[in-house]
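Report on the structure given below.
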Amino acid sequence: MGESSVTTGSKRNSLRFHFKEELQVSYKTAYKDGEALLVNISTGGCIVNKASIPVEVDEKILFCFAIQSLPKPLEIQAVCVRLDGDSFAAKFVGVDGGNESRVVKLLAAQARAETD
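Numbering (this note's numbering), first residue to last: 209 to 324.
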(Lines of atoms letter the chains of each structure in order from A and count residues from 1; the text may use other names and numbers.)
(Lines give C-alpha, C1' and ligand atoms only; values in the text may rest on other atoms or scores of the structure.)
Protein backbone atom coordinates (compact mmCIF):
# COMPACT_ATOMS: atom_id res chain seq x y z
CA MET A 1 0.00 0.00 0.00
CA GLY A 2 1.20 3.63 0.43
CA GLU A 3 4.35 4.73 2.15
CA SER A 4 4.33 6.86 5.27
CA SER A 5 6.90 8.73 7.27
CA VAL A 6 7.34 10.12 10.75
CA THR A 7 8.75 13.56 11.41
CA THR A 8 10.13 14.65 14.76
CA GLY A 9 11.62 17.84 16.07
CA SER A 10 8.97 20.21 14.76
CA LYS A 11 8.16 23.35 16.68
CA ARG A 12 5.05 21.55 17.92
CA ASN A 13 7.07 18.87 19.77
CA SER A 14 4.80 16.09 18.55
CA LEU A 15 5.44 13.09 16.35
CA ARG A 16 3.84 13.95 13.01
CA PHE A 17 2.82 11.16 10.64
CA HIS A 18 2.78 11.94 6.91
CA PHE A 19 1.10 9.49 4.56
CA LYS A 20 2.10 9.16 0.91
CA GLU A 21 -1.50 8.41 0.03
CA GLU A 22 -3.99 10.63 1.81
CA LEU A 23 -6.40 8.69 4.01
CA GLN A 24 -10.14 9.26 4.24
CA VAL A 25 -11.29 10.69 7.58
CA SER A 26 -14.76 11.52 8.86
CA TYR A 27 -15.60 14.54 10.97
CA LYS A 28 -18.62 16.11 12.60
CA THR A 29 -19.46 19.71 13.35
CA ALA A 30 -22.36 20.83 15.52
CA TYR A 31 -24.78 20.47 12.62
CA LYS A 32 -23.22 18.44 9.79
CA ASP A 33 -21.12 15.38 9.04
CA GLY A 34 -18.25 15.59 6.58
CA GLU A 35 -15.35 13.74 5.08
CA ALA A 36 -11.87 14.84 4.07
CA LEU A 37 -8.47 13.46 3.18
CA LEU A 38 -5.91 13.28 5.98
CA VAL A 39 -2.66 15.00 4.96
CA ASN A 40 -0.82 14.44 8.24
CA ILE A 41 -1.56 13.84 11.88
CA SER A 42 0.21 14.11 15.22
CA THR A 43 -0.77 13.76 18.84
CA GLY A 44 -1.45 17.50 18.83
CA GLY A 45 -3.63 17.81 15.74
CA CYS A 46 -4.03 17.16 12.05
CA ILE A 47 -4.33 18.73 8.62
CA VAL A 48 -6.99 17.63 6.15
CA ASN A 49 -7.86 18.72 2.64
CA LYS A 50 -10.77 18.31 0.24
CA ALA A 51 -13.18 18.84 3.14
CA SER A 52 -16.74 18.06 2.07
CA ILE A 53 -18.28 20.64 4.41
CA PRO A 54 -16.66 23.93 5.40
CA VAL A 55 -15.61 24.73 8.95
CA GLU A 56 -14.67 27.99 10.61
CA VAL A 57 -11.69 28.94 12.76
CA ASP A 58 -12.42 28.12 16.42
CA GLU A 59 -15.23 25.73 15.43
CA LYS A 60 -15.41 22.50 17.44
CA ILE A 61 -14.98 19.30 15.45
CA LEU A 62 -15.19 15.59 16.27
CA PHE A 63 -12.84 13.50 14.11
CA CYS A 64 -13.46 9.79 13.55
CA PHE A 65 -10.34 7.90 12.49
CA ALA A 66 -10.73 4.36 11.16
CA ILE A 67 -7.73 2.50 12.61
CA GLN A 68 -7.35 -1.07 11.37
CA SER A 69 -6.48 -2.46 14.79
CA LEU A 70 -9.58 -1.02 16.48
CA PRO A 71 -13.09 -2.51 16.35
CA LYS A 72 -14.63 0.97 16.00
CA PRO A 73 -13.26 4.35 14.87
CA LEU A 74 -11.13 6.41 17.23
CA GLU A 75 -12.94 9.65 18.06
CA ILE A 76 -10.95 12.77 18.99
CA GLN A 77 -12.31 16.23 19.72
CA ALA A 78 -10.60 19.16 18.02
CA VAL A 79 -10.83 22.86 17.26
CA CYS A 80 -10.14 24.36 13.83
CA VAL A 81 -7.07 26.62 14.01
CA ARG A 82 -6.36 27.44 10.36
CA LEU A 83 -8.20 27.52 7.03
CA ASP A 84 -6.82 27.33 3.49
CA GLY A 85 -9.49 26.83 0.80
CA ASP A 86 -10.97 23.36 1.24
CA SER A 87 -8.18 22.42 3.69
CA PHE A 88 -8.00 23.06 7.41
CA ALA A 89 -5.76 22.41 10.40
CA ALA A 90 -7.22 21.33 13.71
CA LYS A 91 -5.77 21.14 17.20
CA PHE A 92 -6.85 18.16 19.30
CA VAL A 93 -8.35 18.94 22.69
CA GLY A 94 -8.73 16.68 25.69
CA VAL A 95 -5.86 14.35 24.74
CA ASP A 96 -3.96 13.81 27.99
CA GLY A 97 -0.62 12.02 28.49
CA GLY A 98 -2.07 8.51 28.65
CA ASN A 99 -4.28 9.00 25.62
CA GLU A 100 -1.45 10.71 23.74
CA SER A 101 0.71 7.60 24.13
CA ARG A 102 -2.17 5.42 22.92
CA VAL A 103 -2.74 7.65 19.88
CA VAL A 104 0.98 7.52 18.95
CA LYS A 105 0.97 3.70 19.15
CA LEU A 106 -2.19 3.45 17.04
CA LEU A 107 -0.88 5.86 14.41
CA ALA A 108 2.47 4.09 14.23
CA ALA A 109 0.69 0.75 13.78
CA GLN A 110 -1.51 2.25 11.05
CA ALA A 111 1.53 3.71 9.28
CA ARG A 112 3.32 0.35 9.43
CA ALA A 113 0.23 -1.45 8.11
CA GLU A 114 0.19 0.83 5.07
CA THR A 115 3.72 -0.08 4.09
CA ASP A 116 3.05 -3.83 4.31
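Glycine included, each C-beta is placed from N, C-alpha and C at the ideal position.
Nonlocal neighbours in the same chain, by C-beta distance under 7 Å from residue i, ignoring five residues either side
| i | result |
| --- | --- |
| Glu264 | Cys288 |
| Val301 | Gln285, Ala286, Val287 |
| Ala244 | Val233, Tyr235, Val256, Asn257, Lys258, Ala259, Ser260 |
Residue from the options with nearest C-alpha to residue i
| i | options | result |
| --- | --- | --- |
| Ala271 | Ser295, Ala286, Val303 | Here residue 271 is Phe; the residue named in the question, Ala, does not match the sequence. Of the candidates Ser295, Ala286, Val303, the one whose C-alpha sits nearest the C-alpha of Phe271 is Ala286. |
| Tyr235 | Ser250, Lys258, Gly252 | Lys258 |
| Leu291 | Val303, Phe273, Asp266 | Asp266 |
| Lys240 | Asn248, Lys268, Leu231 | Lys268 |
Supposed contact pair residue j and residue i - C-beta distance, whole angstroms, cut 8 Å
| i | j | result |
| --- | --- | --- |
| Ile261 | Thr237 | 7 Å |
| Ala297 | Gly253 | 6 Å |
Exposure label - residue i; buried when at least 16 CB within 10 Å
| i | result |
| --- | --- |
| Val233 | buried |
| Val311 | buried |
| Ser218 | Any reading at Ser218 must be qualified, since the residue scores a pLDDT of 42, below 50, and its modelled position is unreliable; the value itself is stated next. Per the 10 Å Cβ criterion, exposed. |
For residue i, the residue or residues it bridges with in DSSP
| i | result |
| --- | --- |
| Gly242 | Tyr235 |
| Ser295 | Asp292 |
Cβ-heavy atom distance, residue i to the ligand FAD, below 7 Å
| i | result |
| --- | --- |
| Tyr239 | No copy of the ligand FAD appears in this structure; indeed no ligand is present at all. |
Proximal residues to residue i (C-beta, below 6 Å), its chain only, five neighbours per side dropped
| i | result |
| --- | --- |
| Leu231 | Leu246 |
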